[in-house]
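Asks: Take any residue in the sequence shown, note its place counting from 1, add 16, and you have its number in my numbering.
Quick one: this structure, given as C-alpha cells, is what I'll be asking you about.
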Amino acid sequence: MEKGIWDYYTQYRRPPTEIIEAQIKLTGKLYNDLAMISQQFDAPLHPCFNDPGQPENEIPYFSAISHCFDNLSFKILCVALSGCPTRMVKFNNCEITPEQIDLILPCLSFEHTPWLQIDWNPLPNNKFSDLLRDGSKLQLLSLRVCNLENDAFRLICDNVKTNKFLKTLDLYGNFISSLVPLAEVLEVNRFLMNVNIGKNNITDDELGCLVGVFGKLDFPDEKVDEYRKKEKDLAKIKAQKNRGKVVEPETPADELIQDEETKQYFLLKNKVFRHLNLSFCSLTKCDNLRNILSHSMPHFKAVISYNPLPQEQVESLQKSFPNSLLI
C-alpha cells in the first residue's frame, strides 16, 4: 500500500485518542480542516475528506455514501465539524459503530450542525436515542431503514419529549408498529413539526392513540373557567422564573377559542405539528385517520400514498379532506 493512501484495514487499529484537540487550530473551513488535521497527525486522508468543490459562499455539507470509517478518521471528522457551521451531515450505508456515535455526540450540542442523517445503519436500540439526549440541538434526524423496532422507538421518543430543537424526525422504512410513544411526545412537545413514519407496520387501529392529541378539539363549557385560571397561574409562575434571567424562546402554547356564531369552545392543541407521513404502511381502513383529519387544523397534512386502502375509501377521504391529505 502506497504511503498516504487511506485503507481501513491498516487504519482501524489507531485509537481516536491519538487526536489531541488542544493541539489543533481550526480554520472553520470544513475540508481544509479535514486535510490539515489528517496531515498533522500523520493520518492518510479518508476518501470522503476530499473537497467536493462546494461554492465557498455556501454553508458546507458533509456526505458519505457506502464508506466505512476507522475511528481515527471519524474522530478527525468530528473535530472538524465542531469548528465549522455545516448545514447537513449525512451517512448512508456507512456501518457507523456505537463507538463512532459516541464520538459524534459532542458535535450535536452545537446549533451549527442542524441536520444529521444516519440511514441504512442498524445499531443497538439505545444508541439511536443517544442522538437526542439532553444537549442535542439537532433540528432534523433521519434514521431511515435502520431496523428500528418499538423498543428503539420508545427510547427515541422519551428523549424527544423534552427536546426544544428537533423539528423533523424521519423514521421511514423501519419495523415500528406502535404509535403510543409518538402520542406521548405530541402531548407535551410543542416544537416537533414533521414525522415520517412511512413504510412501517402502522395500521389504522394504531392511529387511534393520536386521536385527540393535536388539532381543533371540542372543549366542554364547564371546564373553561378552570382552564383560564390554569393559564393565568402558569403565566405568573413563568414570570417569576424569568425575573432577572435571560428569557428562553417561548414554547408555542395551546389556545382556547370560542366560535362567534355557535359559542362552542375549541382547544387548538399542538398548533406546531403539521406533517405526518404514513405512505407505504398497512392501512386497510381509515376510521381513526378520518377522525384525526376531521379535527386537524388548516396547516396539517397527512400522506397516505401506497396503502392497501379500498379505492372507495380513498376517494371518500379525498372528497372530505382535499386540503389535508396527500395521496
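Where a beta carbon is used, it is the ideal one built from N, C-alpha and C, also for glycine.
Keep in mind it's a predicted model, so treat the numbers as computed, not measured.
State buried or exposed for Leu342, treating a residue as buried only when at least 16 other CB atoms are found within 10 Å of its CB.
Replies: On the sequence shown, position 326 is the one that residue 342 refers to. Exposed.
Asks: Looking only at C-alpha atoms, which of Thr102, Pro68, Leu299 and Ile112 sits nearest to Asn216?
Replies: By one-based count along the sequence shown, residue 216 stands at place 200. If we check each option's Cα against that of Asn216, Leu299 comes out closest.
Asks: With distance defined between alpha-carbon atoms, name the residue in Lys45, Asp49 and Arg30 nearest to Gln39.
Replies: Residue mapping note: residue 39 aligns to position 23 of the sequence shown, counting from 1. Taking only the C-alpha atoms, the option nearest Gln39 is Asp49.
Asks: Restricting to Cα atoms, I'd like to know which of Ile112, Cys84, Leu121 and His83 is closest to Leu97.
Replies: Along the sequence shown, one-based indexing puts residue 97 at 81. For the residues Ile112, Cys84, Leu121 and His83, the minimum Cα distance to Leu97 belongs to Leu121.
Asks: Mind the definition here: the region 315-335 touches the region 234-249 only if three or more C-beta pairs lie below 8 Å; say whether that holds.
Replies: These segments do not touch.
Asks: Under the three-state reduction of DSSP, which class applies to Thr43: helix, strand or coil?
Replies: Here residue 43 refers to the residue found at position 27 of the sequence shown. Here Thr43 sits in coil by DSSP.
Asks: Please report the straight-line C-alpha distance between Met22 and Phe57, rounded to a whole angstrom.
Replies: Within the sequence shown, numbered from 1, the residue matching residue 22 stands at position 6. Within the sequence shown, numbered from 1, the residue matching residue 57 stands at position 41. As written in the sequence, residue 22 is Trp, which differs from the Met given in the question. Their Cα atoms are separated by approximately 13 Å.
Asks: So what does Gly231 bridge to, in DSSP terms?
Replies: Reading the sequence shown from its first residue, position 215 is the one you call residue 231. Lys285.
Asks: In three-state DSSP terms, what is Glu203?
Replies: On the sequence shown, position 187 is the one that residue 203 refers to. Of the three classes helix, strand and coil, the one that applies to Glu203 here is helix, per DSSP.
Asks: Below 8 Å on the Cβ atoms is my guess for Thr184 versus Leu148; work out the distance and round it to an integer in Å.
Replies: Here residue 184 is taken as the residue at index 168 of the sequence shown, counted from 1. Here residue 148 is taken as the residue at index 132 of the sequence shown, counted from 1. Wrong, their Cβ atoms sit about 12 Å apart, outside the cutoff.
Asks: Return helix, strand or coil for Val319, following the three-state DSSP convention.
Replies: Along the sequence shown, read from residue 1 onward, the residue named residue 319 stands at position 303. The answer is strand: DSSP assigns Val319 an E or B state.
Asks: Going along the chain, which residues of its own chain have a beta-carbon closer than 7 Å to the beta-carbon of Ile81, five neighbours each way excluded?
Replies: On the sequence shown, position 65 is the one that residue 81 refers to. Same-chain partners within the cutoff: Asn108 and Asn109.
Asks: In whole angstroms, give me the CA-to-CA distance for Asp241 and Asp146.
Replies: Taking the sequence shown and counting its residues from 1, one reaches residue 241 at position 225. Taking the sequence shown and counting its residues from 1, one reaches residue 146 at position 130. For Asp241 and Asp146, the distance between alpha carbons rounds to 42 Å.
Asks: With a floor of 4 residues, list each alpha helix (DSSP H) that falls wholly inside the region 115-180, ordered by position along the chain.
Replies: 141-146 and 166-176, all fully within the region 115-180.
Asks: Quick one: using the 10 Å Cβ neighbour count with 16 as the cut-off for buried, is Glu222 buried or exposed?
Replies: Taking the first residue of the sequence shown as position 1, residue 222 is located at position 206. So Glu222 counts as buried.
Asks: Does DSSP put Glu81 in a helix, a strand or coil?
Replies: In the sequence shown, residue 81 corresponds to position 65, counting from 1. Note that residue 81 is Ile in the sequence shown here, rather than Glu. Reduced to three states, the DSSP call for Ile81 is strand.
Asks: By DSSP, does Gln27 sit in helix, in strand, or in coil?
Replies: Within the sequence shown, the letter at position 11 stands for residue 27. Residue state, collapsed to three classes: helix.
Asks: Classify Asp221 as helix, strand or coil using the three-state DSSP reduction.
Replies: In the sequence shown, the residue the question calls residue 221 occupies position 205. DSSP places Asp221 in helix when its eight states are reduced to three.
Asks: I need the DSSP call for Met345, collapsed to helix, strand or coil.
Replies: Only positions 17 to 343 of the chain appear in this structure, which leaves residue 345 out of reach.
Asks: What residue does the beta strand (DSSP E) around Phe107 start on, and which one ends it?
Replies: Your numbering for residue 107 matches position 91 in the sequence shown. It spans Met104 to Asn108 - the beta strand (DSSP E) in which Phe107 sits, taken as one unbroken run.
Asks: May I ask you to list the residues that DSSP assigns as paired with Gln334?
Replies: Translated into positions along the sequence shown, residue 334 becomes position 318. None, per the DSSP bridge assignment.
Asks: Taking the beta strand (DSSP E) that Leu185 belongs to, which residues open and close that run?
Replies: Working through the sequence shown from its first residue, we reach residue 185 at position 169. Start and end: Thr184 to Asp186.
Asks: Need the endpoints of the beta strand (DSSP E) that Asn210 sits in, please.
Replies: By 1-based counting over the sequence shown, the position of residue 210 is 194. Element bounds for Asn210: Asn210 to Asn212.
Asks: Can you tell which of Met313, Ser332, Ser310 and Leu305 has its C-alpha closest to the C-alpha of Val319?
Replies: By one-based count along the sequence shown, residue 319 stands at place 303. It is Leu305 whose Cα lies nearest to the Cα of Val319.
Asks: Taking C-beta to C-beta, are Gly231 and Met313 nearer than 8 Å?
Replies: Translated into the one-based positions of the sequence shown, residue 231 becomes position 215. Translated into the one-based positions of the sequence shown, residue 313 becomes position 297. Against a cut-off of 8 Å, the Cβ pair of Met313 and Gly231 comes out as a contact.
Asks: Taking Cβ to Cβ, would you say Leu182 is nearer than 8 Å to Phe144?
Replies: Residue numbering aside, residue 182 sits at position 166 when the sequence shown is read from its first letter. Residue numbering aside, residue 144 sits at position 128 when the sequence shown is read from its first letter. No; because the gap between Cβ atoms is not below 8 Å, this pair is not in contact.
Asks: Does DSSP classify Glu18 as helix, strand or coil?
Replies: As a first step, residue 18 must be located in the sequence shown, where it is residue number 2. Any answer about Glu18 is weak, because its pLDDT of 40 lies below 50 and its placement is not dependable; what the coordinates show is given next. DSSP places Glu18 in coil when its eight states are reduced to three.
Asks: Can you give the Cα-Cα distance for Leu294 and Leu154, rounded to whole angstroms?
Replies: As a first step, residue 294 is located in the sequence shown; it is residue number 278 there, counting from the start. As a first step, residue 154 is located in the sequence shown; it is residue number 138 there, counting from the start. The straight-line gap from Cα to Cα measures roughly 23 Å.
Asks: Tell me the DSSP secondary structure of Ile273 in three-state form.
Replies: As a position in the sequence shown, residue 273 is number 257, starting the count at 1. Reduced to three states, the DSSP call for Ile273 is strand.
Asks: Here's the rule I'm using: 16 or more other beta-carbon atoms within 10 Å means buried, otherwise exposed. How should Phe204 be labelled?
Replies: As a working mapping, residue 204 is identified with position 188 in the sequence shown. In the sequence as displayed, the identity of residue 204 is Val instead of Phe. Val204 should be labelled exposed.
Asks: With burial defined as no fewer than 16 other Cβ atoms inside 10 Å of the residue's Cβ, what is the status of Leu158: buried or exposed?
Replies: Locating residue 158 in the sequence shown gives position 142, counting from the first residue. A small correction: the amino acid at residue 158 is Ser; Leu does not occupy that position in the sequence shown. Ser158 is buried by the Cβ-count criterion.
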